[in-house]
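Visitor: Let me begin by handing over the structure; questions about it come next.
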Amino acid sequence: MLKDLTARDILAKLVSFPTVSSASNLALVDWVEDYLAAHGVRAHRVYNDDGTKAALYASVGPEVEGGVVLSGHTDVVPVEGQDWDSDPFELVEKDGRLYGRGTCDMKGFDAIALAAVPKALAAGLKRPLQIALSYDEEVGCLGAPRMIAEMAAHLPRAAAAIIGEPSQMKVVNGHKGGIGIETHLRGHEVHSSLMHTGVNAVMEGARIIDWANQRNAENMAAEAGPIDALFEPPWTTCHVGTVQGGTADNITAKDCRFVMGFRCIPSESVEGWHARYLETLAEIEAAMRAVHPEARIDTSVRFQVPGLQPEDDGAAEALARRITGDNATHVVSYATEAGQFQEAGYSAVIIGPGNIEQAHQPNEWLSLDQFDAGIAFVDRIIEHLCEDA
Numbered sequence: 046m047l048k049d050l051t052a053r054d055i056l057a058k059l060v061s062f063p064t065v066s067s068a069s070n071l072a073l074v075d076w077v078e079d080y081l082a083a084h085g086v087r088a089h090r091v092y093n094d095d096g097t098k099a100a101l102y103a104s105v106g107p108e109v110e111g112g113v114v115l116s117g118h119t120d121v122v123p124v125e126g127q128d129w130d131s132d133p134f135e136l137v138e139k140d141g142r143l144y145g146r147g148t149c150d151m152k153g154f155d156a157i158a159l160a161a162v163p164k165a166l167a168a169g170l171k172r173p174l175q176i177a178l179s180y181d182e183e184v185g186c187l188g189a190p191r192m193i194a195e196m197a198a199h200l201p202r203a204a205a206a207i208i209g210e211p212s213q214m215k216v217v218n219g220h221k222g223g224i225g226i227e228t229h230l231r232g233h234e235v236h237s238s239l240m241h242t243g244v245n246a247v248m249e250g251a252r253i254i255d256w257a258n259q260r261n262a263e264n265m266a267a268e269a270g271p272i273d274a275l276f277e278p279p280w281t282t283c284h285v286g287t288v289q290g291g292t293a294d295n296i297t298a299k300d301c302r303f304v305m306g307f308r309c310i311p312s313e314s315v316e317g318w319h320a321r322y323l324e325t326l327a328e329i330e331a332a333m334r335a336v337h338p339e340a341r342i343d344t345s346v347r348f349q350v351p352g353l354q355p356e357d358d359g360a361a362e363a364l365a366r367r368i369t370g371d372n373a374t375h376v377v378s379y380a381t382e383a384g385q386f387q388e389a390g391y392s393a394v395i396i397g398p399g400n401i402e403q404a405h406q407p408n409e410w411l412s413l414d415q416f417d418a419g420i421a422f423v424d425r426i427i428e429h430l431c432e433d434a
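Okay, so the sequence shown: first residue is 46 according to the working numbering, each after it adds one.
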């Protein structure tokens, strides 16, 4: 029965849903909604534009401010091309590890959060425990902003948001911001023997990519500030992972497409790098149009994620440190939904079971020790919510 499930039982069920970002997550959301309903908890959905995916949030306990959000995402990365020893969508326990896609990133924490619901109901909370499960985190943290906005509008404001990305249960209070800019160069086709009369979109795209290489070299050589120095690497990175374009070896390419990504250190803004990139594109586009007037460069923002900034006297960080005893400084270079919660006015911190090195890998796993540590951490949050404010 849904009411009698352990965190491990819930994890097994969550892993069984192949919620890769290219597919719908609604079957998982249906199951979670039924699970919460079995405990008398009403869930709220926030759909994407075409209704194929949904985020889900719920609240347990009194409708007052000062609660805690447990936040996770439901999507996972693909398994195609990876060599797995078992079915990626079946939870397998072996040698003290739980194997399966998403066990580490981050259905393990999702399962812990959901298993906390009946505990919270029985505990006599004085402040609410709020559950937040998003979609499309893996492709740019696309699903959380609408969910966060609805939570802020319809639920009493929580004092702390715990984003359970795998951190080995260390308290992470900072991460880089990021932006991905879809870039489409449109050239002019001619025979390559007359290439001076055409505009080769691929070769012009190479100029842009080389600009990124030059910026990376400059950034690497610059002296890092005290906060920036905590990151690995301690500079803003510019990156292109795939390039598409061209039709034949002897034709100047009509099209070239890629996504330019920036991961920005705290001392530099995502908006600043976006503006700098557009200035560079304008210069290259002007040179292209001097050859052919219809040549151009089009851009659109695929994703934009704010960084997570360390907070002065932040409630989320203070709570996590009090429970874990971890007073060290930890930051990560990848982006998470923590920055989006913080941007919306929540005190936010990252802490969750598992090692990020296992995320996205074949035979992804979460150790039982880390899983149990995550359960114990959330149990302490429930105790905190039963205390007088």
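C-beta atoms are modelled at their ideal positions from N, C-alpha and C, and glycine is treated no differently.
Report the option in E328, S238, E313, A204 whose CA atom is closest to the CA atom of G250.
Guide: Against the sequence shown, residue 250 aligns to sequence position 205. Ranking E328, S238, E313, A204 by Cα distance to G250 puts E328 first.
Visitor: Pull up the DSSP beta-bridge partners for L174, would you.
Guide: Stepping through the sequence shown from its first residue, residue 174 is reached at position 129. V105, V113.
Visitor: For the alpha helix (DSSP H) containing G223, list its first residue and its last residue.
Guide: On the sequence shown, position 178 is the one that residue 223 refers to. Premise fails: G223 lies in the beta strand (DSSP E), 222-231, not in any alpha helix (DSSP H).
Visitor: With DSSP as the reference, identify every bridge partner of T344, one or two as the case may be.
Guide: Mapped onto the sequence shown, residue 344 falls at position 299. DSSP, once it has assigned bridges, lists T228 as partnering T344.
Visitor: Is the stretch 158-177 close to the stretch 104-113, with three or more CB pairs under 8 Å?
Guide: The stretch 158-177 vs the stretch 104-113: in contact.
Visitor: Between the stretch 333-349 and the stretch 239-253, do three or more beta carbon pairs fall short of 8 Å?
Guide: Yes, the stretch 333-349 is in contact with the stretch 239-253.
Visitor: Which residue's Cα is closest to the Cα of A365: Q349, Q354, E183, V394?
Guide: Along the sequence shown, read from residue 1 onward, the residue named residue 365 stands at position 320. Measuring from the Cα of A365, the nearest candidate turns out to be V394.
Visitor: Under the DSSP definition of a beta bridge, which residues are partnered with W410?
Guide: Within the sequence shown, numbered from 1, the residue matching residue 410 stands at position 365. In DSSP, W410 forms a bridge with Y144.
Visitor: Assign T242 to one of three DSSP states: helix, strand, or coil.
Guide: Walking along the sequence shown from the start, residue 242 turns up at place 197. Three-state result, T242: helix.
Visitor: Scan the stretch 244-324 and note each continuous beta strand (DSSP E) run of 3 residues or more that stays entirely inside, going in chain order.
Guide: Runs of the beta strand (DSSP E) inside the stretch 244-324: 282-290, 300-309.
Visitor: Roughly how many angstroms separate the alpha carbons of I310 and S412, rounded to a whole number?
Guide: The residue you call residue 310 lines up with position 265 of the sequence shown. The residue you call residue 412 lines up with position 367 of the sequence shown. So the two alpha carbons sit approximately 31 Å from each other.
Visitor: Can you name the residues that DSSP bridges to R90?
Guide: In the sequence shown, the residue the question calls residue 90 occupies position 45. R90 is bridged to L101.
Visitor: Would you check if there are 3 or more beta carbon pairs closer than 8 Å linking the stretch 349-366 to the stretch 299-317?
Guide: Touching, yes, given that three or more Cβ pairs across the two stretches are closer than 8 Å.
Visitor: Using a 10 Å radius around the Cβ and a threshold of 16 neighbouring Cβ atoms, would you call R53 buried or exposed?
Guide: Locating residue 53 in the sequence shown gives position 8, counting from the first residue. When all chains shown are included, R53 counts as buried.
Visitor: Return yes when the Cβ of A158 is within less than 8 Å of the Cβ of G117, no when it is not.
Guide: Your numbering for residue 117 matches position 72 in the sequence shown. Your numbering for residue 158 matches position 113 in the sequence shown. Yes, the Cβ-Cβ distance between G117 and A158 is below 8 Å.
Visitor: Nearest-angstrom Cα distance between T119 and H241?
Guide: Locating residue 119 in the sequence shown gives position 74, where the first residue counts as 1. Locating residue 241 in the sequence shown gives position 196, where the first residue counts as 1. Going from the Cα of T119 to the Cα of H241 covers about 51 Å.
Visitor: Helix, strand or coil for Q349 per DSSP?
Guide: By 1-based counting over the sequence shown, the position of residue 349 is 304. Three-state result, Q349: strand.
Visitor: Just list the alpha helix (DSSP H) runs in the stretch 347-383, keeping only unbroken ones of 4 residues or longer that don't cross its boundaries, in chain order.
Guide: Entirely contained in the stretch 347-383, the alpha helix (DSSP H) runs reaching 4 residues are, in chain order, 360-369.
Visitor: Mind checking who V124 pairs with in its DSSP beta bridge?
Guide: To locate residue 124, count along the sequence shown from 1; it is residue 79. The partner list for V124 (beta bridge, DSSP) is empty, contrary to what the question assumes.
Visitor: What's the gap between the Cα of T292 and the Cα of F303?
Guide: Taking the first residue of the sequence shown as position 1, residue 292 is located at position 247. Taking the first residue of the sequence shown as position 1, residue 303 is located at position 258. C-alpha separation (whole angstroms): 16 Å.
Visitor: For G126, which option in P407, N258, P211, G390 has the closest C-alpha, if you only look at C-alpha atoms?
Guide: Taking the first residue of the sequence shown as 1, we reach residue 126 at position 81. It is P407.
Visitor: Go through its chain and collect everything with a Cβ distance to A205's Cβ below 6 Å, but skip five positions before and after it.
Guide: For the purposes of this step, residue 205 is taken as residue 160 along the sequence shown, with counting starting at 1. Contacts found: V113, A360, A361, L364, S392.
Visitor: Among T297, S314, L81, which residue has its Cα nearest to the Cα of L230?
Guide: As a first step, residue 230 must be located in the sequence shown, where it is residue number 185. Among T297, S314, L81, the Cα nearest to that of L230 belongs to T297.
Visitor: Please return the same chain residues whose Cβ sits closer than 8 Å to the Cβ of S129, not counting the five positions on each side in sequence.
Guide: Along the sequence shown, one-based indexing puts residue 129 at 84. Note on residue identity: the sequence assigns Trp, not Ser, to residue 129. Correct list, in chain order: P407, N408.
Visitor: How many Å lie between R87 and L81 at the Cα?
Guide: Position 42 of the sequence shown, counting from 1, holds the residue named residue 87. Position 36 of the sequence shown, counting from 1, holds the residue named residue 81. Each residue's alpha carbon lies about 7 Å from the other.
Visitor: Contact defined as beta carbons within less than 8 Å: I believe I427 pairs with A165. What is the distance between those atoms, to the nearest angstrom?
Guide: Taking the first residue of the sequence shown as 1, we reach residue 427 at position 382. Taking the first residue of the sequence shown as 1, we reach residue 165 at position 120. The Cβ separation is near 5 Å, so the contact holds.
Visitor: Would you report the Cα separation of H319 and T282, rounded to the nearest angstrom?
Guide: Reading the sequence shown from its first residue, position 274 is the one you call residue 319. Reading the sequence shown from its first residue, position 237 is the one you call residue 282. Each residue's alpha carbon lies about 13 Å from the other.
Visitor: What's the call for Y379, buried or exposed, on a 16-neighbour Cβ count within 10 Å?
Guide: Counted from its first residue, the sequence shown places residue 379 at position 334. It is exposed - the Cβ of Y379 has fewer than 16 other Cβ atoms within 10 Å.
Visitor: Can you give the Cα-Cα distance for E330 and N258, rounded to whole angstroms?
Guide: In the sequence shown, the residue the question calls residue 330 occupies position 285. In the sequence shown, the residue the question calls residue 258 occupies position 213. So the two alpha carbons sit approximately 19 Å from each other.
Visitor: Restricting to Cα atoms, I'd like to know which of Q403, G390, V376 is closest to M196.
Guide: Your numbering for residue 196 matches position 151 in the sequence shown. Checked all of Q403, G390, V376; the closest Cα to M196 is G390.
Visitor: Can you give me the Cβ contacts of H405 inside the same chain, cut-off strictly under 6 Å, excluding the 5 residues immediately before and after it?
Guide: Looking up residue 405 in the sequence shown gives position 360. Counting only Cβ-Cβ distances below 6 Å, and skipping sequence neighbours, we find V122.
Visitor: Pick out whichever of E356, G223, A373 has its Cα sitting closest to the Cα of G317.
Guide: Mapped onto the sequence shown, residue 317 falls at position 272. Considering only alpha carbons, the answer is G223.
Visitor: Nearest-angstrom Cα distance between I335 and N245?
Guide: For the purposes of this step, residue 335 is taken as residue 290 along the sequence shown, with counting starting at 1. For the purposes of this step, residue 245 is taken as residue 200 along the sequence shown, with counting starting at 1. Reading off the sequence, residue 335 comes out as Ala, not Ile. Approximately 13 Å between the Cα atoms of the pair.
Visitor: According to the Cβ coordinates, are A161 and V423 closer than 8 Å?
Guide: Taking the sequence shown and counting its residues from 1, one reaches residue 161 at position 116. Taking the sequence shown and counting its residues from 1, one reaches residue 423 at position 378. The answer is yes: Cβ separation under 8 Å.
Visitor: Tell me I427's beta-bridge partners as DSSP assigns them.
Guide: The sequence position of residue 427 within the sequence shown is 382, counting from 1. None; I427 has no bridge partner.
Visitor: For A393, which beta-bridge partners are listed by DSSP?
Guide: Taking the sequence shown and counting its residues from 1, the one referred to as residue 393 is at position 348. Its beta-bridge partners are A206.
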